[in-house]
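Only one structure is covered here, and it is reproduced in the block below.
There are 2 protein chains.
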Amino acid sequence: MPEETLPEQIARQLRRDILRGKLPPGTSIKERDNAAEMGVSRTPMREAIRILAQEGLVILRPARSPIVAQPSIKEISDQVEVLIALEKLSAELACKNATEAEIDALAATLDYMDKNFETADPLDMFETDMGFHASLARMSHNDVIAELHRTLLERLWRARYLAARRRRNRERVIVQHGSIVDALRNRDRAAALAAIEAHLGHLDRDIRNVLAQEAEAALATE
Amino acid sequence: MPEETLPEQIARQLRRDILRGKLPPGTSIKERDNAAEMGVSRTPMREAIRILAQEGLVILRPARSPIVAQPSIKEISDQVEVLIALEKLSAELACKNATEAEIDALAATLDYMDKNFETADPLDMFETDMGFHASLARMSHNDVIAELHRTLLERLWRARYLAARRRRNRERVIVQHGSIVDALRNRDRAAALAAIEAHLGHLDRDIRNVLAQEAEAALATE
DNA sequence: TTTTTGAATTTGGTATACCAAAAATCGTTG
DNA sequence: CAACGATTTTTGGTATACCAAATTCAAAAA
Chain A
185 MPEETLPEQI ARQLRRDILR GKLPPGTSIK ERDNAAEMGV SRTPMREAIR
235 ILAQEGLVIL RPARSPIVAQ PSIKEISDQV EVLIALEKLS AELACKNATE
285 AEIDALAATL DYMDKNFETA DPLDMFETDM GFHASLARMS HNDVIAELHR
335 TLLERLWRAR YLAARRRRNR ERVIVQHGSI VDALRNRDRA AALAAIEAHL
385 GHLDRDIRNV LAQEAEAALA TE
Chain B
185 MPEETLPEQI ARQLRRDILR GKLPPGTSIK ERDNAAEMGV SRTPMREAIR
235 ILAQEGLVIL RPARSPIVAQ PSIKEISDQV EVLIALEKLS AELACKNATE
285 AEIDALAATL DYMDKNFETA DPLDMFETDM GFHASLARMS HNDVIAELHR
335 TLLERLWRAR YLAARRRRNR ERVIVQHGSI VDALRNRDRA AALAAIEAHL
385 GHLDRDIRNV LAQEAEAALA TE
């Protein structure tokens, strides 16, 4: 059995629907209706909505229906700024704290990506890529960093996915990930920082571009 | 009118009781009993408990009563590490983004502390000190940073309060805050980083000391 | 036709009832 | 007397009922 609480299951389902676009921004999430639709009562549905609100996916309004959030470009950009800062901090700390076994595991992930980059499902490869970064955060051996990083990565999932589809480039990803692993092996903090910078430096601009483009398309079909 | 929801009010009351030590770590927070005691039903009490769980003050256990968290030294230390990193990032960004008016307001806070340091209630002065740092985070003009900083400051409230009581030293606090303001005025990122480092560099060690000392005292009265 | 108003409906907030799992209690048995 | 086990109690999880605020919409008046 999955050992996941009912509110978490509901939250996961709603999260999927929101990220996949089935529930576009602005849609109201009514406790009663959604609960009935999923065959549960309002209590766990209510709790699930709170979870998503905490994640920033829905907005709670006093005495009104919660609605699916429409993150502004600024919000996304702020999140990316913090994400990058956390990864830099992770890299520095990981140089000091990561075990050899952890670095080996990270290298194995890199190797897996290298071998399967062209053949595997793009979505799987994207998940692996996210996993690489999540592992790096955990290698800081600072649970707060790992947790914050995980949360931000989750919130940025959709934006990063859209941005990644454009820059799908084996050389770039593999080489840059490789230089991160090398820096960790050498316990070279400056090199690690530089490698993160090189890898994520364009992320903010990329995401801004793809979101602006999407907003434009949305206006066109209006 | 306060316009604060009932669960938030309940959470605030419980938070006070926990931070003040009225509910020591390990105490179980029973939905039914606590709700009855405060004259509300289980539903908002339940929600309040989730809020505190999210803040890390209580631990949710599957099919068990939530209990007041006993943060380990490691957890506190991890949080301090991230807090310092966020303040450094804030200072850098504030050098670029803060308005002159914001810097003036920060300087006013500093001036207030300077004039009232000895006469005011230590708790008030501590709150003002926290407000100084919260303002700095907001001056990054990055809402994610400001929000994370606020959350961490809240979680570390008790530990910082205990640590601050020892190092209550007018010179130190006023001068160091002053150098932060000066760095911001000059838009000097390096100086701002150095000022934050000088001000918070010992925080981790101080908190570790005071917590270790407290744990020792707890054992003695056992 | 437009505006206003008030009643019906919708919706989140709160209280309560019910259930199942886990603890605790207590009696039984070796 | 100790160890085990059944039963009672406690407790969180879920469902449902009720309420009040807010919205909506229609009817009536200007």
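Chains A and B, in that order, give the protein sequences.
Note that this note's numbering gives residue 376 to position 192 of the first sequence, counting from 1, and the numbers run on in steps of one.
Note that this note's numbering gives residue 202 to position 18 of the second sequence, counting from 1, and the numbers run on in steps of one.
Backbone N, C-alpha and C fix where the C-beta goes; we use that ideal spot for every residue, glycine too.
Identified DSSP bridge partners for residue i
i	result
V242(B)	V252(B)
S212(A)	I251(A)
Beta-carbon spacing of residue i, residue j below 7 Å
i	j	result
M229(B)	I194(B)	yes
L241(B)	A232(B)	no
L290(A)	S319(A)	yes
V394(A)	L346(A)	yes
S249(B)	K214(B)	yes
A278(A)	L368(A)	yes
A379(A)	I391(A)	no
A348(B)	F301(B)	no
A343(B)	H333(B)	no
M243(B)	I251(B)	Reading off the sequence shown, one finds Ile at residue 243(B), where the question assumed Met. It is a contact, given that the beta carbons lie within the stated cut-off.
Q263(B)	L198(B)	no
L384(B)	I268(B)	yes
F316(A)	T293(A)	yes
Minimum Cβ-Cβ distance from residue i to chain B less than 7 Å
i	result
E284(A)	no
D295(A)	no
D388(A)	no
V266(A)	yes
A219(A)	no
I329(A)	yes
A269(A)	yes
P186(A)	Caution applies to P186(A), whose pLDDT of 48 falls short of 50 and renders its modelled position unreliable; the value that the coordinates give is listed next. It does not; no Cβ of chain B falls within 7 Å.
Minimum Cβ-Cβ distance from residue i to chain A less than 7 Å
i	result
V224(B)	no
Q263(B)	yes
R199(B)	no
L273(B)	yes
I194(B)	no
For the region 271-282 of chain A against the region 221-229 of chain A, are there 3 or more C-beta pairs whose distance is under 8 Å? no
Any contact between the region 325-334 of chain A and the region 361-376 of chain A? By contact I mean 3 or more CB pairs, one from each, below 8 Å. no
According to a CB-to-CB cut-off of less than 8 Å, which residues of the region 234-255 of chain A neighbour chain B? R234, Q238, P246
Using Cβ-Cβ distances below 7 Å, what residues of the region 296-327 of chain B are close to chain A? N326, D327
Could you tell me whether the region 293-300 of chain A touches the region 356-364 of chain A, where touching means 3 or more Cβ pairs closer than 8 Å? yes
Listed from N- to C-terminal order along the chain, which residues in the region 356-388 of chain B have their beta-carbon within a distance smaller than 8 Å of any beta-carbon of chain A? none
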